[in-house]
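Student: Everything in the sequence shown is counted per my numbering, starting at 88 for the first residue and increasing by one.
Ideal placement from N, C-alpha and C gives every residue a C-beta, glycine not left out.
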Amino acid sequence: MRSPKSTRKKSQQCAARVMEAVPLVMRFIRADMRAINATDMSVPQFRTLAFLDRNPGASLSELAEHLGVTRATASANTERLVQRNFVHRCDHPQERRRVELKLTPAGKEHLQKAREQTRAYIADLLDSLSDEQISQIDTGLALLKQVFEDSGAVTK
Numbered sequence: 088m089r090s091p092k093s094t095r096k097k098s099q100q101c102a103a104r105v106m107e108a109v110p111l112v113m114r115f116i117r118a119d120m121r122a123i124n125a126t127d128m129s130v131p132q133f134r135t136l137a138f139l140d141r142n143p144g145a146s147l148s149e150l151a152e153h154l155g156v157t158r159a160t161a162s163a164n165t166e167r168l169v170q171r172n173f174v175h176r177c178d179h180p181q182e183r184r185r186v187e188l189k190l191t192p193a194g195k196e197h198l199q200k201a202r203e204q205t206r207a208y209i210a211d212l213l214d215s216l217s218d219e220q221i222s223q224i225d226t227g228l229a230l231l232k233q234v235f236e237d238s239g240a241v242t243k
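1. Could you say which of R206, E203, F173 lies nearest to L139 if we only look at CA atoms?
2. Hey, which unbroken runs of the beta strand (DSSP E) at 3 residues or more fall wholly within the segment 99–168?
3. Taking the alpha helix (DSSP H) that R206 belongs to, which residues open and close that run?
4. Any Cβ of chain C within less than 7 Å of the Cβ of E203?
5. Can you check whether the CB of L168 is closer than 7 Å to the CB of R176?
6. Candidates A210, R171, R104, T165: which alpha carbon is nearest P192's?
7. Let's test the definition: count the other Cβ atoms within 10 Å of the Cβ of M120 and tell me whether it reaches 16, buried, or not, exposed.
8. If contact is defined by three or more beta carbon pairs under 8 Å, each pair taking one atom from either stretch, is the segment 128–139 in contact with the segment 156–168?
9. Looking only at its chain, what residues have a beta carbon closer than 7 Å to the beta carbon of L213, apart from the 5 residues adjacent to it on each side?
10. I'd like the span of the alpha helix (DSSP H) that includes Q181, first residue to last.
11. Quick one: what's V186 bridged to in DSSP?
12. To the nearest whole angstrom, what separates the beta carbons of V130 and R141, a pair I think is in contact under 8 Å?
13. Taking the alpha-carbon positions, what's the P210 to L216 distance?
14. Closer than 6 Å to a non-hydrogen atom of the ligand ZN - does that hold for the CB of L147?
15. Straight-line CA distance for A108 to V234?
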């Protein structure tokens, strides 16, 4: 049985590896999706589609908070997506001043295609690994996802 001190040290080392690996992976994913959508869509627009996919009916304020921008910036970003028929804006049934944002079928399709292309690229990179290594990564990521979901600290 490991001592609490030994367990804590291993947890801290693992946390350091997570903090090194996750930003690297996210930079890779963002760069690939940017390349896929280079002339097609800005990163904030893509992030808007992904956020609305996870949060249908979100308000403009919720979107602005997620993007880390003002409501005016989020509104302008959303307007371009509405014009392209990727996002539908509708009035909230109970709150006159609140607008709900939802992906249109075209928006969902565009998002899905970009995700599929990036997944294929990542799969190509993973092809150089053994089945055992791929299983280790898969198991580790599933466990990591569960830890963060269970923490309750992660927002959508």
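Tutor: According to the structure data:
1. By one-based count along the sequence shown, residue 139 stands at place 52. Among R206, E203, F173, the Cα nearest to that of L139 is on F173.
2. none
3. Taking the sequence shown and counting its residues from 1, one reaches residue 206 at position 119. Taken as a continuous stretch (DSSP letters only), the alpha helix (DSSP H) holding R206 covers 192–213.
4. Note that chain C does not occur in the displayed structure, where there is just one protein chain.
5. Within the sequence shown, numbered from 1, the residue matching residue 176 stands at position 89. Within the sequence shown, numbered from 1, the residue matching residue 168 stands at position 81. Their beta carbons are not under 7 Å apart, which means R176 does not touch L168 by this criterion.
6. As a working mapping, residue 192 is identified with position 105 in the sequence shown. With distances taken between Cα atoms, P192 lies closest to R171.
7. Counted from its first residue, the sequence shown places residue 120 at position 33. M120 should be labelled buried.
8. yes
9. On the sequence shown, position 126 is the one that residue 213 refers to. The answer, listed in chain order, is I221.
10. By one-based count along the sequence shown, residue 181 stands at place 94. First-last for Q181: undefined, no H or E at that position.
11. Numbered from its first residue, the sequence shown carries residue 186 at position 99. DSSP output for V186 lists D178 as bridge partner(s).
12. Translated into the one-based positions of the sequence shown, residue 130 becomes position 43. Translated into the one-based positions of the sequence shown, residue 141 becomes position 54. The Cβ separation is near 17 Å, so there is no contact.
13. Position 123 of the sequence shown, counted from the first residue, corresponds to residue 210. Position 129 of the sequence shown, counted from the first residue, corresponds to residue 216. A small fix is needed here, since residue 210 is Ala in this sequence, not Pro. If you take the alpha carbons of A210 and L216, they lie about 10 Å apart.
14. As presented, the structure is devoid of all ligands, the ligand ZN included, so that no description of it is given.
15. Within the sequence shown, the letter at position 21 stands for residue 108. Within the sequence shown, the letter at position 147 stands for residue 234. Roughly 16 Å between the two C-alpha positions.
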